[in-house]
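Structure, as structure tokens:
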Amino acid sequence: LKEMDPSLRSLEDDAIQRTVLEAPWFKSCKRLCAYISCRALREVDTSKLLAEILQTSAKDDQNCSRKKLYVPRVEDKNSHMRMLHISGLEDLIANSMDILEPAPVDNKGN
Numbered sequence: 217l218k219e220m221d222p223s224l225r226s227l228e229d230d231a232i233q234r235t236v237l238e239a240p241w242f243k244s245c246k247r248l249c250a251y252i253s254c255r256a257l258r259e260v261d262t263s264k265l266l267a268e269i270l271q272t273s274a275k276d277d278q279n280c281s282r283k284k285l286y287v288p289r290v291e292d293k294n295s296h297m298r299m300l301h302i303s304g305l306e307d308l309i310a311n312s313m314d315i316l317e318p319a320p321v322d323n324k325g326n
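Numbered as in the working numbering, the sequence shown ends at 326 without a single skipped number.
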């Protein structure tokens with residue numbers, strides 16, 4: 217990935233996200249786990265996926281297409297992780313390596 221042309225990488229990232237967004241399993245699922253991509257680590261961009269999930273989860277509680285998003289939080293120096301629910305990007309904070317992850321307590325105090 218280090219050697220990949222940035223414009224090609226962007227096209228590939230878009231193709232991956234589009235494939236997931238159009239997948240029947242994605243459209244029908246209620247709970248998803250995803251990571252918050254970090255450009256410095258050259259990870260596949262997840263911003264469009266996250267935006268779609270969070271937009272869907274922000275809709276009326278009665279909406280049957282509502283999705284819940286869970287993202288990893290590193291718990292200790294051994295890299296043990298927990299998947300925590302977030303309802304918006306405001307639930308994220310930068311860790312010691314400047315990677316976004318859920319705050320131990322979300323913006324609602326949970």
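Every residue gets a Cβ at the ideal spot worked out from N, C-alpha and C, and that includes glycine.
Coil, strand or helix - residue i by DSSP
i, result
"VAL321", "coil"
"GLU228", "helix"
Per DSSP, cross-strand counterpart(s) of residue i
i, result
"LEU316", "ALA310"
"MET299", "PRO288"
Residue i versus residue j: straight-line alpha-carbon distance, rounded
i, j, result
"GLU219", "ARG225", "10 Å"
"HIS301", "ILE309", "14 Å"
"HIS296", "TYR286", "16 Å"
"GLU291", "ALA239", "32 Å"
"PRO320", "SER253", "19 Å"
- prompt: Which runs of the alpha helix (DSSP H), 4 residues or longer, sit entirely within the segment 230 to 293?
  reply: 240 to 244 and 263 to 273
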